[in-house]
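Participant: Questions regarding the structure given below will be posed in turn.
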Amino acid sequence: MFDFLIHGFGVALTPLNLGLAFLGALLGTLFGALPGIGPINGIAILMPLAYTLGLPAESALILLASVYTGSEYGGRMSSILLNVPGDAGAVMTTLDGHPLAKKGLAGPALGLSAVSSFVGATIAIIGLTLFAPLLAQVAIMFGPAEFFALMVFAFSSMAVMMGKDPIKTAIGAVLGVMVAMVGVDSGTGVLRYTFGMAELYDGIDFVVMIIGLFAISEILLMLEHANRQDVDDEMPPLGRVMISLKELAYCKWTMLRCGVIGFIVGVLPGTGASIGGAVSYTTEKRISDKDGSFGTGNMRGLAAPEAANNASAAGSFVPMLTLGIPGSGTTAVLLGALMLYNITPGPMLFSERPEVAGGLIASLYIGNIMLLALNLPLAGLFARVLTIPRWVLVPSIAILAFVGIFQLHSDLTAIYLMLIIGIFGYLLRKLGFSLAPIILGYVLGGLMENNLRRALAISGGDLGILWQSGISLGLWIAAAALLVLPWLLPKLWQARTSKA
Amino acid sequence: MKFNSMLRHWSSLLLLSGVLATGTTYAQSEAPECIAPAKPGGGYDLTCRLAANALQKTGLIEQPMMVSYMPGGIGAVAYNHVNGVRNADPNLIVAASTGAAVNLALGKFGQYDVDDVRWLGALGADYGAIVVKADAPWQNLDQLMKDLQTKPGQIVFGAGGTVGSQDWMKAALTAKAADISPRDLRYVAFEGGGESMAALLGGHIQVFTGDLSELRSHLESGKIRVLAALSEERMGGPYAEIPTAAEQGYDVQWPIWRGYYMGPDVSDKAYQEWVNKLQTLSKKEKFAELRKARGLFPMSRFGYDFENYVKGQVAQFKELAEEVGLKQ
């Protein structure tokens, strides 16, 4: 049964493929660390390169896959140090990662997140090896109705997530959903909010959205403080980059739990690292946030999304390899790479091209160990991005943002859009809004609408389809419980203690 | 030292992205260029790469052909760009497909119509297919059509495009062939063929109107049954067992051609040179290999023959769109 894996290690351990896995891990960490350049851009840049260099299919795939897993490691750096998510999967990492850095614990935070990433990825890679054929069958039971219920669950998790100002969280999420409405309506092909501009037909691109909202608004904030010598201006002191056994012990269950959650979310088609991070963070907050310290720099709040986003990245290979269905945006691009090599992913891949499937999975094991080795001792080096003086950093981020967007779109409209979103994001931040709900509303809102309409198209308008299956019913109950329990439990507790 | 190495990381990255970004401006030079009006990795990318690789490997072009991407408006941005900005560039070709013809028919390309570019030729095609799950009650197309006539509301179709897209057209034309108004059809729009296939295998939809080439890996798995190929005649190889719709008494054909167009003001000489190049290419053995490797079936229409073909198609889609009330 594991023939493909043994065969795969044979492929992955050749000098060329080992070298490529290392290169991919290094580049991936860098791509992830730099805000605005995520795994998708990284893979999109390298894919044609690998192909024109004449690399064999499995080698190219090993390179690209290690870029993907590497960027899930790297994404945490700027999240923790700059409060700017390096990529979409690291949005939740900012919530506790940055407060930790502000407390002077940037070093331990980087160390802990590297270990969490390793644990999460390891769980998921083992899961990928063991359950790939099995899990594909579970994922396939998720139809539009189940997806809709999952989104409801995700939104209700979000409602209780950023408890400080629920109204602003709600407004932010709605803003995100509104942005997701722009473009060709996916059900009927009707154009919405495009104002006759062809550039808006495809909607507002995720990269434009995230670079505008996070990077541009960050630049504006930095500019605003440029003339003042705030204490904030200084980079958070790194401290020791290693972590103590005590901290590891404190977080070990968090890592294991969230690794599993992230893996499961990753396996679901269409849900990638960002949703994995969000779901696991809120779940972990429910389970272990006894003193309300999540969001203020709790180690577990950092370990949760980091374990989960790496696990989701590896998990999203399951539907891609076994069914040919991308589990995330990035695996969709990887799927394109497979097509380039005329490899049809699907149920037959493991038997027909074992060197590709096995080589890829084996290289994930190897790459993961390389990444831990890279990211513990070198975290300090990567973190030095922040010691670059502001007069270098601000223009550099600006240039990367502009160039990255232009390279992706070859179109000035995208640049203007990025700037408008950036200014808007800056104003929102000045008004005390958190940006994470906006981005999540944007990602989940589109999925939620599409799946609601697909479900209703299937049933012919009968709402009953939404809670017909066991899976969706379970998700609805879980969503309701999430909303009610935080309010109900203390009351019940009070009632019991007052009786006694 | 460490600081310097970080700076170097940044600057090399900047350089790399800079080179890639300036690619579009560089393109005004002599090197041939193919614009894929989408993000990397999709069908348009494949169309451009087919031309780029094949032309270079057969020595028909001296400099390598650059593939650039111009996503936006399902091809509308590129169509406008070629009309407005690079309308006379003799080195630029743009990938197109049946989907572009559908969008032109629906008026989705703004002020521009099918006459506003020079249609160059098609190098290959894929064909639509009607797919059901292996345990579905229908053994052939006729049984499905009969069921569809008695209870159109209970059979759910799905495919990877919106209502009005080329994926939907396959379902609409199939319904029409059974004398059912496409408006009564229960159709679910997914994002791409992969999602639709998963929905079919998961039992969420009953009929998937996909493309032949994307079915290849699934054919051997035994999980699906292909009721009909929407081609003129049976395809060879792994598809030999699949009957055409026409064989079963329903006149539905759906070729998804993959071809190219040029700007409206390109000179006749430059246009003819490209037509000749593609024509020569299509006859080479090496090209047949490359085409096959990309899952495409042979199709050779070039120059004015191709132009008339596209115009005819657009007219036909316009008619259908008006009938269904989709015209904007």
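Protein chains in written order, with our numbering: chain A, 959 to 1458; chain B, 370 to 697. Glycine included, each C-beta is placed from N, C-alpha and C at the ideal position. From a predicted model like this one, the values you see are computed outputs, not experimental measurements.
#1: So which residues on chain A does G706/B lean against when the C-beta distance must stay under 8 Å?
#2: Using three-state DSSP, classify G533/B as helix, strand or coil.
#3: As a quick exercise: from I1324/A, V1276/A, N1333/A and A1337/A, pick the residue whose alpha carbon is nearest that of L1088/A.
#4: Using a threshold of 8 Å, state whether the C-beta atoms of A1112/A and L1402/A are closer than that.
#5: So P1418/A and T531/B are supposed to be a Cβ contact under 8 Å. How far apart are they, rounded?
#6: Look at the alpha carbon of G442/B and the alpha carbon of L1158/A, and state the distance between them as a whole number of angstroms.
#7: For the segment 1142 to 1176 of chain A, which residues have a beta carbon sitting closer than 9 Å to at least one beta carbon of chain B?
#8: Judging by CA-CA distance, which residue of A407/B, K661/B, L695/B and N452/B is the nearest neighbour of S466/B?
#9: Which residues in the same chain have their Cβ closer than 6 Å to the Cβ of W1425/A, if we skip the five residues on either side of it in sequence?
#10: Under the three-state reduction of DSSP, which class applies to F967/A: helix, strand or coil?
#11: In chain C, which residues lie with their C-beta within 8 Å of the C-beta of I1233/A?
#12: Starting from E402/B and walking both ways along the beta strand (DSSP E), at which residues does that stretch end?
#13: Could you please give the first and the last residue of the uninterrupted alpha helix (DSSP H) stretch that includes K426/B?
#14: With distances taken Cα to Cα, identify the nearest neighbour of A1059/A among F1100/A, I1001/A, I1355/A and G1255/A.
#15: By alpha-carbon positions, which one of I1416/A, K1204/A and S1114/A ends up nearest to L1441/A?
#16: Listing by chain order, which chain A residues have their CB less than 7 Å from the CB of S534/B?
#17: Over what stretch of residues does the beta strand (DSSP E) that includes S437/B continue unbroken?
#18: Does the beta carbon of I1416/A come closer than 8 Å to any beta carbon on chain B?
#19: Between P1102/A and the rest of its own chain, which residues show a CB-CB distance below 6 Å, the 5 nearest in sequence each way excluded?
#20: Compare the C-beta of N452/B with all C-beta atoms of chain A and state if any pair is closer than 8 Å.
#21: If we define contact as Cβ-Cβ less than 8 Å, is E692/B a contact residue for chain A?
#22: Would you mind stating whether A546/B and D458/B have Cβ atoms separated by less than 8 Å?
#23: Quick one: give me the first and last residue of the alpha helix (DSSP H) that G1217/A is part of.
#24: Just grab the DSSP bridge partners of M631/B for me.
#25: Looking only at DSSP bridge pairs, what is L461/B linked to?
#26: Whose C-beta lies closer than 6 Å to the C-beta of G1273/A among residues of the same chain, with five residues either side of it excluded?
#27: Our contact map puts G1261/A next to T1212/A with C-beta atoms below 8 Å; I'd like the distance itself, whole angstroms only.
#28: Using a 10 Å radius around the Cβ and a threshold of 16 neighbouring Cβ atoms, would you call W623/B buried or exposed?
#29: In whole angstroms, what is the alpha-carbon distance linking K371/B and P1335/A?
#30: Nearest-angstrom Cα distance between V471/B and F1360/A?
#31: Output the boundary residues of the beta strand (DSSP E) element that contains R555/B.
#32: Confirm the yes/no value for this check: CB of Q648/B, any heavy atom of the ligand GTP, distance under 7 Å.
#33: Counting only Cβ pairs nearer than 9 Å, list the residues of chain B close to R1244/A.
#34: Spatial neighbours of F1252/A within its chain, please: C-beta separation below 6 Å, excluding the five flanking residues on both sides.
#35: Let me see if you follow: with CB-CB separation under 8 Å, is D1369/A close to chain B or not?
#36: Taking Cβ-Cβ distances shorter than 8 Å, what residues in chain A pair up with V315/B?
Facilitator: With the structure as the only source:
#1: Here chain B covers residues 370 to 697 and nothing more, so residue 706/B does not appear.
#2: On the second sequence, residue 533/B is found 164 positions in, with the first residue counted as 1. Here G533/B sits in coil by DSSP.
#3: Here residue 1088/A corresponds to residue number 130 of the first sequence, with the count starting at 1. Out of I1324/A, V1276/A, N1333/A and A1337/A, V1276/A has the C-alpha closest to the C-alpha of L1088/A.
#4: Numbered from its first residue, the first sequence carries residue 1112/A at position 154. Numbered from its first residue, the first sequence carries residue 1402/A at position 444. The answer is yes: Cβ separation under 8 Å.
#5: The count along the first sequence starts at 1 and reaches residue 1418/A at position 460. The count along the second sequence starts at 1 and reaches residue 531/B at position 162. Note on identity: in this sequence residue 1418/A is Gly, with Pro being the wrong assignment. The Cβ separation is near 18 Å, so there is no contact.
#6: One-based indexing of the second sequence puts residue 442/B at position 73. One-based indexing of the first sequence puts residue 1158/A at position 200. G442/B and L1158/A: Cα-Cα distance of roughly 7 Å.
#7: V1142, D1143, S1144, G1145, T1146, G1147, V1148, L1149, T1152, G1154, M1155, A1156, E1157, L1158, Y1159, D1160 and D1163
#8: Taking the second sequence and counting its residues from 1, one reaches residue 466/B at position 97. The shortest C-alpha separation from S466/B is found at A407/B.
#9: In the first sequence, counting from the first residue as 1, residue 1425/A sits at position 467. Spatial neighbours of W1425/A in its own chain (CB-CB distance under 6 Å, excluding positions within 5 residues in sequence) are listed in chain order as L1431 and W1434.
#10: Residue numbering aside, residue 967/A sits at position 9 when the first sequence is read from its first letter. The answer is helix: DSSP assigns F967/A an H, G or I state.
#11: As a matter of chain content, chain C is missing from the structure shown, whose protein chains are A and B.
#12: Counting from 1 along the second sequence, the entry for residue 402/B is found at position 33. Its beta strand (DSSP E) spans residues E402 to A405.
#13: Here residue 426/B is taken as the residue at index 57 of the second sequence, counted from 1. K426/B -> alpha helix (DSSP H) spans G412 to K426.
#14: Locating residue 1059/A in the first sequence gives position 101, counting from the first residue. Among F1100/A, I1001/A, I1355/A and G1255/A, the Cα nearest to that of A1059/A is on G1255/A.
#15: Along the first sequence, read from residue 1 onward, the residue named residue 1441/A stands at position 483. Considering only alpha carbons, the answer is S1114/A.
#16: Residue mapping note: residue 534/B aligns to position 165 of the second sequence, counting from 1. Per Cβ cutoff of 7 Å: G1147.
#17: Residue numbering aside, residue 437/B sits at position 68 when the second sequence is read from its first letter. M435 to Y438 is the extent of the beta strand (DSSP E) around S437/B.
#18: Working through the first sequence from its first residue, we reach residue 1416/A at position 458. True, the Cβ-Cβ gap to chain B drops below 8 Å.
#19: One-based indexing of the first sequence puts residue 1102/A at position 144. Same-chain partners within the cutoff: N1409, R1412 and A1413.
#20: Translated into the one-based positions of the second sequence, residue 452/B becomes position 83. Taking 8 Å as the threshold, the shortest C-beta distance from N452/B to chain A does not fall below it.
#21: Position 323 of the second sequence, counted from the first residue, corresponds to residue 692/B. Closer than 8 Å: no.
#22: For the purposes of this step, residue 546/B is taken as residue 177 along the second sequence, with counting starting at 1. For the purposes of this step, residue 458/B is taken as residue 89 along the second sequence, with counting starting at 1. Contact flag unset, no.
#23: For the purposes of this step, residue 1217/A is taken as the residue at position 259 of the first sequence. Per DSSP, G1217/A belongs to the alpha helix (DSSP H) from L1203 to V1225.
#24: As a working note, residue 631/B is residue 262 in the second sequence. Per DSSP, R487/B.
#25: One-based indexing of the second sequence puts residue 461/B at position 92. Per DSSP, E402/B.
#26: Translated into the one-based positions of the first sequence, residue 1273/A becomes position 315. A1082, F1221, G1224 and V1225.
#27: Position 303 of the first sequence holds residue 1261/A. Position 254 of the first sequence holds residue 1212/A. For the sequence presented, residue 1261/A should be read as Ala rather than Gly. Indeed they touch by this definition, with Cβ atoms about 5 Å apart.
#28: Locating residue 623/B in the second sequence gives position 254, where the first residue counts as 1. Buried, because 16 or more other Cβ atoms sit within 10 Å of the Cβ of W623/B.
#29: Position 2 of the second sequence holds residue 371/B. Position 377 of the first sequence holds residue 1335/A. Confidence at K371/B is low in this model, with a pLDDT of 43, below 50, so the placement of that residue should be treated as unreliable; the coordinate-derived value is given next. In a straight line, the C-alpha of K371/B is about 13 Å away from that of P1335/A.
#30: Position 102 of the second sequence, counted from the first residue, corresponds to residue 471/B. Position 402 of the first sequence, counted from the first residue, corresponds to residue 1360/A. Approximately 34 Å between the Cα atoms of the pair.
#31: Residue 555/B sits at position 186 when you count from the first residue of the second sequence. Segment R555 to A558, the beta strand (DSSP E) holding R555/B.
#32: With respect to small molecules bound, the structure shown includes none, and the ligand GTP cannot be examined in it.
#33: In the first sequence, counting from the first residue as 1, residue 1244/A sits at position 286. Per Cβ cutoff of 9 Å: no residues; R1244/A is ~30 Å from chain B at best.
#34: Start at 1 with the first residue of the first sequence, and residue 1252/A comes out as number 294. Taken in chain order, the residues that qualify are K1243 and G1259.
#35: The count along the first sequence starts at 1 and reaches residue 1369/A at position 411. Closer than 8 Å: yes.
#36: The shown model of chain B, from 370 to 697, leaves out residue 315/B, and the question about it has no answer.
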